[in-house]
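Presented below is the structure to which this report refers.
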Amino acid sequence: MSYRKGTCLLTTICLLAALYIDEAIGFEWPEWGSCPDLAVQQDFDVVNYQGMWWEQAGYNNERIEGKSRCVHAIYSITRPGSGVVHVENRGIDERTNRWGGINGTVIEADPSKNEGKLIVSFPVGLFGNVEGNYWVLGTDYNSYTVVYNCQNVLFFWRYWIRYSPRTRNEQASSEKQITSWKSVTLIRPQ
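What the sequence shown shows, in mature numbering (1 follows the signal peptide of the UniProt record, and there is no 0), is residues -26 to -1, 1 to 164, in sequence order.
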């Protein structure tokens, strides 16, 4: 077999494997272009953001959380004044029916701007820490938060978004929450 045919065959096998894995675990293919720059919460107060947030709805977040239920995150400041927030993401794995999760840290992307643009970091085994943006599009600190993440990869982008109330079965009906979701519908595929 020639080098060219071997390379073509290997590329085809890799693409088919990626498609199979992608479909098997529920991922979505990336969008063409780059991440939109959405408006985030201004005058963001990380101290008031502390506590537990239950996931109620989301889009494209299975790639982060897997197939889970009872998903929640707990944010806590362990060293006041350090600018570092500890985060615990937890949920019940649908396949094993067991609790699982990961711990990480959250910092403000630019503390001088006092806005909801945050950076989250999680340890991932041999790969060290994996960082991503964590943008709070809107929150009232008591009943809801809308969070957005987007990553540019070459000429493509992928994103996830999630709505979380403070309590597990809460239905927030806030004008701010509705406004936050409006910006999401501008980027969400139809």
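Beta carbons are placed, not taken as given, at the ideal position from N, Cα and C, and that holds for glycine. Computed from a prediction, not measured in an experiment: that's the story for all the values here.
- Across the structure, threonine 52 and serine 42 are spaced so that their CA atoms are roughly 27 Å apart.
- Sequence-distant partners of valine 21 (beyond 5 residues in either direction) whose C-beta falls short of 8 Å from its own C-beta, in its chain, are Ile51.
- Assignment of beta-bridge partners to leucine 111 by DSSP yields no partner.
- Per DSSP, the continuous beta strand (DSSP E) segment holding asparagine 123 begins and ends at 118 to 127.
- Judged by pairs of C-beta atoms under 8 Å, the segment 94 to 103 does not touch the segment 114 to 122, as fewer than three such pairs exist.
- Around the beta carbon of glutamate 68, a 10 Å sphere encloses fewer than 16 other beta carbons of the protein chains shown; the residue is thus reported as exposed.
- Ranking Met26, Gly55 and Thr119 by CA distance to the CA of glutamate 62 puts Met26 first.
- Note on glutamine 15: 16 or more other CB atoms within 10 angstroms of its CB, so buried under the neighbour-count rule.
- Closest in alpha carbon position to tryptophan 28, among Tyr118, Gly55, Thr70 and Pro10, is Tyr118.
- For leucine 92, the three-state secondary structure derived from DSSP is strand.
- Going by DSSP, asparagine 22 is part of no beta strand (DSSP E) but of the alpha helix (DSSP H) stretching over 20 to 23.
- Of the candidates Ile76, Gln24 and Cys44, the residue whose Cα lies closest to the Cα of valine 58 is Gln24.
- Taken in chain order, the complete beta strand (DSSP E) segments of 3 residues or longer contained in the segment 38 to 94 are 42 to 51, 58 to 67 and 73 to 82.
- A residue is called buried once 16 or more other Cβ atoms fall within 10 Å of its Cβ, and alanine 13, having fewer, is exposed.
- By the neighbour-count criterion, in which 16 or more other beta carbons inside 10 Å mark a residue as buried, tryptophan 109 falls on the buried side.
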